[in-house]
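Heads up: the sequence shown at position 405 corresponds to 413 in our numbering, and the numbers run straight through without jumps.
The C-beta atom is built at its ideal place from N, Cα and C for all residues, glycine as well.
Note that this is a predicted model, so its numbers are computed, not measured.
All remarks here apply to the structure that follows.
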Amino acid sequence: MYSSLLLHGKKCIELHKSSTFRVISVKLLQKEYPFRNPFSSSASTLQSDSVLNLLTSYGFTSTQISKIITTYPRLLTLDAKTTLLPKLQSLQSRGASTSELTEIISKVPKILSKRGTKSTGLYFDFIKDIIHNDGKSSHSSTTTGKQGNKMRNVSVLRDMGVPQRFLFTLLVSESQPVCGKEKFEMSVKKVVEMGFDPATSKFVQALHVFYEMSERTIEEKVNVYNKLGFRVEEVWEMFNKWPYYLKFSEKKITQTFETLKRCGLGDEEVVAVMKKRPECMRASEEKIRSCVETFLGLGFSGEEFVSMVKCFPTCVGLSAENVRRKVEFLVGEMKWTLKDVVGIPPVLGYSLEKRMVPRCGVVRALVEKGVISDGMIPPMSSVLACSDKVFLNRFVMKHGRLVPELMAIFDGDKKKGSQGRTAIKNVKGLCVSVS
Numbered sequence: 009m010y011s012s013l014l015l016h017g018k019k020c021i022e023l024h025k026s027s028t029f030r031v032i033s034v035k036l037l038q039k040e041y042p043f044r045n046p047f048s049s050s051a052s053t054l055q056s057d058s059v060l061n062l063l064t065s066y067g068f069t070s071t072q073i074s075k076i077i078t079t080y081p082r083l084l085t086l087d088a089k090t091t092l093l094p095k096l097q098s099l100q101s102r103g104a105s106t107s108e109l110t111e112i113i114s115k116v117p118k119i120l121s122k123r124g125t126k127s128t129g130l131y132f133d134f135i136k137d138i139i140h141n142d143g144k145s146s147h148s149s150t151t152t153g154k155q156g157n158k159m160r161n162v163s164v165l166r167d168m169g170v171p172q173r174f175l176f177t178l179l180v181s182e183s184q185p186v187c188g189k190e191k192f193e194m195s196v197k198k199v200v201e202m203g204f205d206p207a208t209s210k211f212v213q214a215l216h217v218f219y220e221m222s223e224r225t226i227e228e229k230v231n232v233y234n235k236l237g238f239r240v241e242e243v244w245e246m247f248n249k250w251p252y253y254l255k256f257s258e259k260k261i262t263q264t265f266e267t268l269k270r271c272g273l274g275d276e277e278v279v280a281v282m283k284k285r286p287e288c289m290r291a292s293e294e295k296i297r298s299c300v301e302t303f304l305g306l307g308f309s310g311e312e313f314v315s316m317v318k319c320f321p322t323c324v325g326l327s328a329e330n331v332r333r334k335v336e337f338l339v340g341e342m343k344w345t346l347k348d349v350v351g352i353p354p355v356l357g358y359s360l361e362k363r364m365v366p367r368c369g370v371v372r373a374l375v376e377k378g379v380i381s382d383g384m385i386p387p388m389s390s391v392l393a394c395s396d397k398v399f400l401n402r403f404v405m406k407h408g409r410l411v412p413e414l415m416a417i418f419d420g421d422k423k424k425g426s427q428g429r430t431a432i433k434n435v436k437g438l439c440v441s442v443s
């Protein structure tokens with residue numbers, strides 16, 4: 009059943025998974041039209057329908073619309089007639105073809121949120137030059153003011169080798185890492201001196217950190233980690249792995265450290281876990297506690313949970329449902345044991361639909377045909393902890409006349425899993441609700 013879009017009178021929009029827009033996602037991917045909510049007649053839903061229908065009338069395909077509202081769901085809150093239509097008309101009047109219009113807005117839909125048609129046009133032309141003129145833009149040198157400054161800085165990053173997908177995000181970002189001149193140049197210099205590769209997301213993350221945080225603030229954060237048992241050089245090693253971890257407050261850093269200790273890890277073990285995977289810092293206290301309860305509820309002991317966290321720190325950030333589904337599949341359906349999971353916890357990070365189900369489908373087919381004895385299921389590591397090439401050589405290619413059937417199971421289950429997840433992912437969070 010469709011949920012309502014509660015869009016008016018609020019500035020803070022939270023994105024949630026919703027059966028409503030999973031259905032809309034499927035309709036978009038199946039190219040169904042019109043895109044309307046048959047279960048609701050609210051003004052907000054009619055407004056979102058108007059946005060979707062306007063995009064369709066301007067030549068956007070179902071896939072492009074799905075991409076746009078996945079990337080920038082707030083677009084559905086904008087008024088189609090008074091806000092979006094004038095900007096689309098202005099871009100066309102400037103000579104933008106339908107293909108240029110749909111391509112560029114699909115890549116950077118947030119330009120439609122810029123104030124005024126002139127501002128939208130400047131960003132559109134700049135992005136078009138970046139895409140079609142090998143990264144060179146005349147607009148960055150002729151545009152003045154804040155916009156011109158951002159364009160010149162983005163051009164500098166483009167010349168350094170920063171990919172388009174990062175450039176466009178920086179260009180339309182509400183944060184200011186590509187504003188100013190001296191501060192931008194100093195921030196870029198620091199990032200380069202630390203050896204970050206401009207082609208990676210870590211380069212952009214580090215740029216955000218150095219631009220948004222003063223040297224004094226960064227030093228204070230380093231001292232916080234130092235007091236918790238991290239050597240200064242270890243703090244910077246963690247920064248190289250995930251720059252954003254320095255942005256957390258002292259309270260959050262300390263809270264996460266103490267929460268992991270209450271889960272059964274010692275001081276040195278927490279330090280080791282954070283060094284291995286600093287991304288664990290973003291897991292909330294509530295999520296970590298929920299994670300512990302989930303593992304214990306599934307039958308793992310406290311010692312086994314600690315062992316898994318030390319080997320695979322990312323598991324503290326997995327959702328309860330994610331863990332439960334995978335463990336129930338591995339233990340309940342495949343008949344591996346909890347100790348097997350403890351022995352190779354990274355399997356919990358693998359995709360259930362794209363990795364576990366296809367590979368285990370092949371193994372079960374071999375059991376049904378008597379190639380593998382029912383009580384002799386191969387070790388979990390040999391089935392899941394290897395590349396596709398190794399798996400196929402190990403369980404498919406050597407079985408002669410069974411190869412076509414086994415490949416059909418392997419490819420078929422992978423495709424079904426991929427398509428199902430893609431349909432949901434394409435408009436993940438499109439149900440925009442107000443807290």
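Hey, residue i and residue j: beta-carbon distance below 9 angstroms or not?
{"i": "phenylalanine 4", "j": "valine 170", "result": "Residue 4 lies beyond the residue range present for the chain, which begins at 9 and ends at 443; the question has no answer from this structure."}
{"i": "proline 286", "j": "tryptophan 344", "result": "no"}
{"i": "phenylalanine 303", "j": "glutamate 312", "result": "yes"}
{"i": "leucine 410", "j": "leucine 374", "result": "yes"}
{"i": "cysteine 288", "j": "threonine 264", "result": "yes"}
{"i": "methionine 405", "j": "valine 355", "result": "no"}
{"i": "leucine 273", "j": "valine 314", "result": "yes"}
{"i": "glutamine 172", "j": "threonine 110", "result": "no"}
{"i": "leucine 346", "j": "phenylalanine 308", "result": "yes"}
{"i": "isoleucine 135", "j": "phenylalanine 174", "result": "no"}
{"i": "valine 324", "j": "leucine 414", "result": "no"}
Thinking residue i and residue j are a contact (beta carbons under 8 angstroms), I'd like their distance in whole angstroms, please.
{"i": "leucine 63", "j": "leucine 93", "result": "Incorrect: roughly 11 angstroms between the Cβ atoms, too far for contact."}
{"i": "leucine 179", "j": "lysine 154", "result": "Actually they do not touch by this definition, with Cβ atoms about 12 angstroms apart."}
{"i": "valine 281", "j": "lysine 318", "result": "6 angstroms"}
{"i": "valine 59", "j": "alanine 88", "result": "5 angstroms"}
{"i": "isoleucine 139", "j": "isoleucine 112", "result": "7 angstroms"}
{"i": "leucine 165", "j": "serine 195", "result": "Incorrect: roughly 11 angstroms between the Cβ atoms, too far for contact."}
{"i": "arginine 160", "j": "glycine 129", "result": "Not a contact, Cβ separation roughly 18 angstroms."}
Of the choices the options, whose alpha-carbon is the least far from that of residue i?
{"i": "serine 114", "options": "Glu241, Phe68, Glu276, Leu410", "result": "Phe68"}
{"i": "threonine 225", "options": "Leu254, His216, Gln213", "result": "Leu254"}
{"i": "methionine 65", "options": "Gln97, Ser101, Met194, Val230", "result": "The sequence given here places serine at residue 65; methionine does not occur at that position. If we check each option's Cα against that of serine 65, Gln97 comes out closest."}
{"i": "threonine 125", "options": "Glu108, Leu99, Ile417", "result": "Leu99"}
{"i": "glycine 351", "options": "Lys362, Val324, Met316, Ala328", "result": "Met316"}
{"i": "lysine 283", "options": "Val240, Cys271, Ser257, Pro412", "result": "Val240"}
{"i": "glutamine 55", "options": "Ile77, Ile417, Leu86", "result": "Leu86"}
{"i": "glycine 229", "options": "Glu258, Ser209, Lys269, Asp275", "result": "The residue asked about is misnamed: residue 229 is lysine in this sequence, not glycine. For lysine 229, the nearest C-alpha among the options comes from Glu258."}
{"i": "glutamate 301", "options": "Glu266, Arg363, Tyr131, Val331", "result": "Val331"}
{"i": "glycine 420", "options": "Arg166, Asn401, Ile261, Arg363", "result": "Arg363"}
{"i": "lysine 260", "options": "Arg290, Cys271, Asp275, Asn231", "result": "Arg290"}
{"i": "serine 181", "options": "Glu193, Met342, Tyr131, Asp167", "result": "Tyr131"}
{"i": "proline 353", "options": "Glu277, Lys191, Thr322", "result": "Thr322"}
{"i": "cysteine 416", "options": "Glu190, Val371, Thr267, Thr106", "result": "The residue asked about is misnamed: residue 416 is alanine in this sequence, not cysteine. Nearest C-alpha to alanine 416: Val371."}
{"i": "valine 349", "options": "Gly383, Leu306, Met384", "result": "Leu306"}
{"i": "arginine 95", "options": "Thr78, Ser127, Thr106, Phe403", "result": "It should be pointed out that residue 95 corresponds to lysine in this sequence rather than to arginine. Per the Cα distances, Ser127."}
{"i": "tyrosine 358", "options": "Thr91, Phe403, Asp396", "result": "Asp396"}
{"i": "serine 105", "options": "Thr90, Thr78, Thr91, Asp133", "result": "Asp133"}
{"i": "glutamine 213", "options": "Lys198, Tyr252, Glu193, Glu341", "result": "Tyr252"}
Is the region 233–246 touching the region 292–308, taking contact as three or more C-beta pairs under 8 angstroms?
-> Flag = no, the region 233–246 and the region 292–308 do not touch.
Does the region 178–194 come within contact of the region 216–227, defined as at least 3 CB pairs closer than 8 angstroms?
-> Touching, per the Cβ criterion.
Taking three-plus beta-carbon pairs below 8 angstroms as touching, is the region 385–394 in contact with the region 361–371?
-> Flag = yes, the region 385–394 and the region 361–371 touch.
Indicate whether the contact test is met: 3 or more Cβ pairs, each with one atom in the region 325–337 and one in the region 372–381, closer than 8 angstroms.
-> no
The region 193–207 in contact with the region 230–241 per 3-pair CB rule at 8 angstroms = With a cut-off of 8 angstroms, the region 230–241 and the region 193–207 do not count as touching, because too few Cβ pairs lie within range.
Answer yes if the region 116–124 comes into contact with the region 78–90, meaning at least three C-beta pairs across the two stretches below 8 angstroms, and no otherwise.
-> Enough Cβ pairs lie closer than 8 angstroms, so yes.
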